[in-house]
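Chemist: Dumping the structure here so I can ask a few things about it.
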Amino acid sequence: MQLVADVPLQERLVRWSRYLAIGVIMIAIMVLLGWQLDIDPMRRLLPGQAAMNPVTAICFLFASISFLLLTAPIRTPGKNTIAYLLASVVTIVGILKLAGLTGTIDWQIDWTLFTDEFEQNISDRSRNSIATISAICLVLTGIALFLMKMESRIKLVSFQLIAMTIALLGWFSILGYLYRVQSLDGTFKYRLMSVYTAASFQMLSIAMLLAQPSRGFMKQFTSVFSGRLVARLLLPAAVIVPTVLGLLRLYGDWIGIYNSEFGVAIYTLTFIILFVIITWYSARLLNKRDMIQKKSSDALTSSEEEVAAIFRAAPDAVIVIDEKSLVVRWNPEAEKMFVWKANEIIGRELTETIIPVEYRERHRRGMQRFLSTGENNILGKTVEVAAVRKDGTVFDISLRISPVLVKEARLFVGFVRDITEEKKTAEKLQSFNVELTRQVDEKTRELTQIFDRLTDGFIALDRQFKYTYLNKKAGEIIQHDPQSLIGINVWDVFPEAVGSSTYNAFLYVMEQRVPLINTDYFEPLDLWQENHIYPTPDGISVFVRDVTTRKRAELALKEKELKYRTLVEEAVDAILVLTPDGRYIEANKKAAELLGYSLEEMLTLRPSDIIFPEDKKPTPYEQLNAGESVRIERILRRKNGEGVAVETNARRLPDGNYLAFMRDVTERKRVEREIVDARKLSDRLIDSLPGVFYFFDSNGKFLRWNKQFEFATGFSASQIANMHPTEFFPEEEREYVAERIGGVFVKGVNDAEAHFLTQSGKKIPYYFKAVLINYQGQPCLLGNGIDITARKEGEKQMRLSEQKYKLLFFSNPQPMFMLSLPGYHIIEVNTSALLQYGYTKEEFLQLSVNDLRPSEDIEKFKAATNLAFRSIQHAGIWRHKKKDGSVIYVDITTHDIYYEDRPVRLILASDVTEKYTAEEKLKTSYESIRKLTDHLQNIREEERTHIAREIHDELGQQLTVLKMDVAWLSKRIESQSPAVKEKMVELLAMIDTTVKTVRRISSELRPSLLDDLGLIPAMEWHLEEFEKRSGILKEFTGPPKEIQLSDEIKIGLFRIFQESLTNVARHAQAKNVKINLEKNDKKVILTIKDDGLGFDEVNAPKKTLGILGMKERTIMLGGEYTITGVPGQGTTVSVAVPLNGSDHQNKMN
C-alpha cells in the first residue's frame, strides 16, 4: 500500500533544509571573522571551551554550498560538478586529519590557516585543533553529499543512515558540554568537538534529511496518516526529554539535593512514566484509527445502498460489464430498452446480446487494446451507435462509457439513451432549416438592397458586439469596407471609442433592451454621428447618420452666440433691447443690477416703469429711425424707488428694435458736483488766507490771486491781471525778486523776504514762499506771502531783550552757566561761576558736565538727568568739584529757555557748603540725642522691671507675712474691747488694700503678663483694668495666636498702647475705644481708635510731649507713627513696626 504524502508539509521541510544550510554558512563566516579580527566570542561560545578550527569552518562553507547546489530547484551539470568538487574537498580534509591522528603521516591540516595565532598560544593550539570525531564527521558529510541524489535504494538508505550518524555524533558532543564532560577515557581517548562545530553538524545533517522528505524512512514522517503525527510528536520528546532528565539528574547531584543512586532511581522512574504516556498515547491513536475505519465502513455500506437506489431509478439505461465483457449490472430502464430481463442477461457476454453483428469484432479489439495499453477513443465521451434488441430490431442510441475500479476489479459503466425519436426530429428540423435558410437568404437579399439604398448607415451587431451586417453608407461613414468587418468586434476596430458616449449607449441598449438615440463626436474620423440604437433578438441594430456638417454649423453658431452673450453679460454697461411698441425683450446682468430687478422682471417692464414722471424728456425717435446714434442723460427709477443717474446711447437695429447702452454716471455726477464745490471752497479758502496768494506762469502773467492780494496792494483785479510780479516791489529789490522767482522755476521751490509796494507807494515787509507746479502742460509758480511787519518789530525787541538778558546773566552775583539741549554741553558761563569753581572762561567752556562732579556721583547724575525741555526745576543739593579738586555742596535750580534761537538749560548753582555742613552736624546731634533717649528708655525699662520685681517679690512677701501675723494675733488676742477688735479688722483691711496697691504699682511698672504670656494677654489685661478705672467701653481685635516679637518691640508697643489709652482717658471724653493688632507684610500694626472730641493737629504738637514720646519710640523701633483726628468724630493712632525692628535698633546703636 502506497503512503499518501502531505505535499505542503514536504515543501515546507525542503525550504527549511535550505534555511538550515544558510545558517551553517553564517556560523562558518562568523567563526572565520572571529579568527581574522581576534574576537574570541565569535570563535567559541564560552571562554575555556574549544573553538571551531578555521579549516573546519572552511569545510562547513564548502559542504553547505555543495548542499545548496545539489538541492537547487534547477540543477545543471555545471552545478553538480562544483557541488561534488566541494564535497570531495571536505572528505579529503577529514581523511588527512584522520591520517595524522593514526600516525601514518601528519599533514597538520589544522594549522594551515591563521598559523600566527596558533603559534602565539601553544596551549590553546591542541584544544582548538580538529577533533577526531570532527574529522570522522567531515568524512561522513562528504560521503553523504555524494550519495544524496543517488536513485538506488541501498544508496538512499546509506545516505540517510550516515546523516543520522552525523546528527547523533554532533548531539553527543552537545550532551558532553551540557553534562560537563571534557573528554572520555576508556578503550580510546575521546575529545569533544567545539559547540559551534557540533551545532553546525547537527544543522547540516538535519538539512540533508529534510531535503528528501518523500524518500526512505522520511516519508513515514511526511504522510497524511496518523503514524506521521505520532512520529512527529514522539521524536522531539525522545530527544529532548532524556537530555533534560539527564541534566536534572546530574544537576541535583552537583548541588547536593540527592546522591548518585537516588538520582538514578528518579531518572529510571521518569523514563517509566514517559514510556507509559507514550504507550497510552499510541493506544489512543490506534483506537481513534479503528473508530475512523468503522465509520468509513458504515459510510461505504450506506453509499452502496444509495448507489443501488440511484441505479434502479436512473432515467437512462445503465449497463455494467467487467473486463471480459460479461454483464454485471442491468437496471430496469435497460430491461425496457433492450427487452432483456436482468436475470436473463447478467453473466452473458455483451457482444452476444445488444451489439449488432457487424460491430462485435470491433468491440472485442477495442476492449483488448484498452486492457493492454490503456488507450481508447470512446471512454469518457458520448457517441452515437447502433444497438439491437432481444427481438432483433436495430435502433440508434447515445452511449457514454466510464471505467471504474471497485474492490480492485476494473468495471465499465455504460449510460445508454434511445435517440430514435431524436433522430427523426433532427431530420425534420434539418429539412425545415434548409427551407428556412433559403427563405432567409432571399429576404436578406431584399433587405440588403433596401439597406444599401438608405441614406443613413445601418449596422447590425450580435451580443458580442461583432459586426453581422453593414450597408454601403455605414462603410462610407466609418471609412471601412463592410465585408472586411463581418465577424469582428466593433471595439477591436475602434478601440478609441471604448468609454465614450456611444460605447455606453451600446452597452445600455444591449443590457436594458430599450431603444436609445445618442450623438457623439469620434475624433479619429473627425466624425459627428447621430446613432439610433434598437435592440434585436441577436444583438442591436444601429442607424448611423453623419451630422458633421450640421454640428459644425451648430457649434459655430453656438460659439458666436457665446461670444455675443459673453460680451453682453460681461459688459460694464447696461444693455437693453426695446421693441417699437415699448417692450424690453433682452437685458444683461448689468442692466438688472443697475435697476435692482432680476432678469426675468426686466423683461416684463416698459420705459414708463423706470422713468420718473417729472423726467419725461421726449425720446428722439426721428433721429433713431434715421439711423443716427442718440445720447441722453436722465434719472431712472430703481426697483426700490431710488434714483440713479444714467447716460444712454441708443441706436436702431436692422430688425427694427432699439439697442440702448446705459452707463451709471451717478459717481461721475457726484465727482463733478464735488469739483464745482471744491473750486468754490478753494476760492473761499484762498480768499480767507491771512496772507496774499498768487499764481502766475513762466512769463509772469497772473492766472489766479486772492482778495487779500488786492487789499494788500491796493490794485484792482483788472490792474493785477496786466502787471508783472516784479512791479509790486521797489526798484532796488526788483532784481533780487526776479532772481528768487527764477530760482523757483529752476529748483522747484524758493523763498524771499522783500517789501511789498502798494499802489500808494507804501512799503510793507513780506515773507514769500513759492513752489513750481505744472498747470495745463506748462510750468507755473504758486506762492503765498505773509506780512512780517510784526515779526520784524519782534525781532528788534528780541535783540534788545537779549542784550538785557546777557547783561543780567554775566553780571549776576549767583553762579550760572548754560547747557545745550539735548547735547548737554556747556555753552556759556558767568563770572560768578568762574570765581566759584576757579576756572577761566575758556577752561570752563571746555569742560563736560561730568568734570564738575566727583567720580562716585557721575552714575547717580546720569540716572537723574532728564534731557527733555521743561520749565523751572529744583534739582536739590549736589556735590560739585572745583578746579583745585575740593568738593563743595551746591543747590541746583534749572530753567529751560531759548537762547540765540536754540533750547538751552540755565543752571543756577548756589554754594551751600556751610549750610549743608551745619545741617549734617545738626542731624548727627539729633541722632546722638535719639540714641541717648533710646538708652535712657532702656535704662528706665530695666529700672522699672527691677523695681516691679522688687516690689512684687520683697514687699509683696512681707505684706503677706504681715497679714498672716496680724490674722494670727487677731485670733490670739482675747480682748473684750470692741475697739480693739474693730482696729484689728481695719488693720487687716488696710493690709489687703496695700497688697492690691503694691500689685497695681508693680503691674504698671512692668506687667508680668508681658514677660510670661506675651503682648496680647498683657494688652487684654490692661484693657480690662482701663475699662474698670475709666468706664470707657473697649473692643480688642487681635491675631488668634501670639506674634513672635523681640522684647524691645513688645515693651515698645505696650508703652505706646499705654500712653494712647492714657490720652484717651484724659483728653478724648470718649465712650468707646477700639484696638486692633495685626501682622501684615512683615510688619506689626497697632491701631487705637476712639469716638471722642477729636484731635487738633495744628495746636497739639505745641501742647503735648506724650505724642512726641510715642513718635520717638516708634522711630527707634524702625517704624512709623501716625495720628489723625476729626473734631467731634474721634482720633485714630496707627503704629507700624517691622518684625525685624531689633536690626534697626542695632544699626542705631
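Quick note on numbering that gives the first Met the number 0: the sequence shown kicks off at 0 and runs consecutively.
The beta carbon of each residue, even a glycine, is placed where N, CA and C say it ideally should be.
Let me check one thing: in DSSP terms, what residues is residue 1130 bridge-paired to?
Modeler: Paired residue(s): 1124.
Chemist: Could you check where the beta strand (DSSP E) with residue 772 kicks off and where it finishes?
Modeler: Note, residue 772: beta strand (DSSP E), 762-774.
Chemist: Could you give the distance in angstroms between the alpha-carbon of residue 843 and the alpha-carbon of residue 830?
Modeler: Straight-line Cα distance between these residues: approximately 11 Å.
Chemist: One question on the structure: do residue 345 and residue 352 come within less than 7 Å of each other, judged by their Cβ atoms?
Modeler: No.
Chemist: Grab me the residues of residue 1084's own chain with a C-beta within less than 6 Å of its C-beta, minus the 5 sequence neighbours each way, in chain order.
Modeler: Here the set comprises 1077 and 1135.
Chemist: Just checking my contact of residue 662 with residue 572 at CB under 8 Å: how many whole Å lie between their CB atoms?
Modeler: Indeed they touch by this definition, with Cβ atoms about 5 Å apart.
Chemist: Return yes when the Cβ of residue 1032 is within less than 7 Å of the Cβ of residue 1068, no when it is not.
Modeler: Going by C-beta atoms, residue 1068 is not nearer than 7 Å to residue 1032.
Chemist: To which residues of the same chain is residue 55 closer than 7 Å at the C-beta, ignoring the five residues directly before and after it?
Modeler: Answer for residue 55: 129, 133 and 196, listed in chain order.
Chemist: Between 90, 335, 1072 and 1043, which lies nearest to residue 1082 when the distance is taken from Cα to Cα?
Modeler: Of the candidates 90, 335, 1072 and 1043, the one whose C-alpha sits nearest the C-alpha of residue 1082 is 1043.
Chemist: Look at the alpha carbon of residue 1115 and the alpha carbon of residue 1035, and state the distance between them as a whole number of angstroms.
Modeler: Cα-Cα distance, rounded: 26 Å.
Chemist: Counting only runs of 3+ residues fully inside the region 643-713, write out the beta strand (DSSP E) ranges in chain order.
Modeler: Entirely contained in the region 643-713, the beta strand (DSSP E) runs reaching 3 residues are, in chain order, 657-663, 691-696 and 701-704.
Chemist: Buried or exposed, going by whether 16 or more other CB atoms sit within 10 Å of the CB of residue 16?
Modeler: Buried.
Chemist: Can you list, in chain order, the residues of its chain whose CB lies under 8 Å from that of residue 1015, leaving out five sequence neighbours each side?
Modeler: These residues qualify, in order along the chain: 1037, 1038, 1041, 1042 and 1076.
Chemist: Which runs of the beta strand (DSSP E), 3 residues or longer, sit entirely within the region 854-888?
Modeler: Runs of the beta strand (DSSP E) inside the region 854-888: 872-880.
Chemist: Check residue 754 in the structure and name its three-state DSSP category.
Modeler: DSSP places residue 754 in strand when its eight states are reduced to three.
Chemist: Assign residue 1149 to buried or exposed, taking buried as 16 or more other Cβ atoms, counted over all protein chains shown, within 10 Å of its Cβ.
Modeler: Residue 1149 cannot be examined here, being either before or after the span of the chain that is shown, 0 to 1148.
Chemist: Where does residue 773 land, buried or exposed, given buried means 16+ other C-beta within 10 angstroms?
Modeler: Exposed, since its Cβ has fewer than 16 Cβ neighbours within 10 Å.
Chemist: So for residue 1180, helix, strand or coil by DSSP?
Modeler: Absent from the structure is residue 1180, since the part of the chain shown begins at 0 and ends at 1148.
Chemist: Could you compute how far the alpha carbon of residue 10 sits from the alpha carbon of residue 26?
Modeler: Each residue's Cα considered, the two are about 25 Å apart.
Chemist: According to DSSP, is residue 176 part of a helix, a strand, or is it coil?
Modeler: Helix.
Chemist: Starting from residue 628, trace the beta strand (DSSP E) both ways and give me its first and last residue.
Modeler: Unbroken run through residue 628: none, as it is neither H nor E.
Chemist: Is DSSP giving residue 183 helix, strand or coil here?
Modeler: Here the model assigns residue 183 a pLDDT of 48, short of 50, so the residue's position is not dependable and the matter cannot be decided.
Chemist: Please classify residue 481 as buried or exposed, where buried requires at least 16 neighbouring CB atoms within 10 angstroms.
Modeler: Residue 481 should be labelled buried.
Chemist: Report the three-state DSSP secondary structure of residue 839 (helix, strand or coil).
Modeler: Coil, per DSSP.
Chemist: Measure from the alpha carbon of residue 19 to the alpha carbon of each residue in 200, 81 and 82, then state which is nearest.
Modeler: The shortest C-alpha separation from residue 19 is found at 200.
Chemist: What does the Cβ neighbour count give for residue 178, buried or exposed, with the cut at 16 atoms within 10 Å?
Modeler: Its Cβ having fewer than 16 others within 10 Å, residue 178 is exposed.
Chemist: Measuring only the C-alpha atoms, how far is residue 264 from residue 279?
Modeler: Distance between the alpha carbons of residue 264 and residue 279 is about 23 Å.
Chemist: Which residue comes first and which comes last in the beta strand (DSSP E) that contains residue 826?
Modeler: That run of the beta strand (DSSP E) goes 825-828.
Chemist: If you measure between the beta carbons of residue 411 and residue 402, is that distance less than 7 Å?
Modeler: Yes, Cβ-Cβ distance for residue 411 and residue 402 is below 7 Å.
Chemist: Kindly indicate the opening and closing residues of the alpha helix (DSSP H) around residue 1109.
Modeler: Per DSSP, residue 1109 belongs to the alpha helix (DSSP H) from 1105-1115.
Chemist: Could you tell me whether the region 690-702 touches the region 603-614, where touching means 3 or more Cβ pairs closer than 8 Å?
Modeler: Cβ pair count under 8 Å is below three, so no.
Chemist: Classify residue 93: buried if its beta carbon has 16 or more other beta carbons within 10 angstroms, exposed otherwise.
Modeler: So residue 93 ends up on the buried side.
Chemist: Would you mind working out which of 833, 964, 1000 and 996 sits nearest residue 984, comparing C-alpha positions?
Modeler: It is 964 whose Cα lies nearest to the Cα of residue 984.
Chemist: Are the region 755-764 and the region 668-679 touching by the rule of at least three beta carbon pairs closer than 8 Å?
Modeler: Contact fails: fewer than three Cβ-Cβ distances are below 8 Å.
Chemist: Does the pairing of the region 72-91 with the region 35-46 give three or more beta-carbon distances under 8 Å?
Modeler: They do not touch, by the three-pair rule.
Chemist: What does a CB cutoff of less than 8 Å around residue 358 pick up in its chain, not counting 5 residues either side in sequence?
Modeler: Closer than 8 Å at the Cβ level, and outside the excluded window around residue 358, lie 384 and 385.
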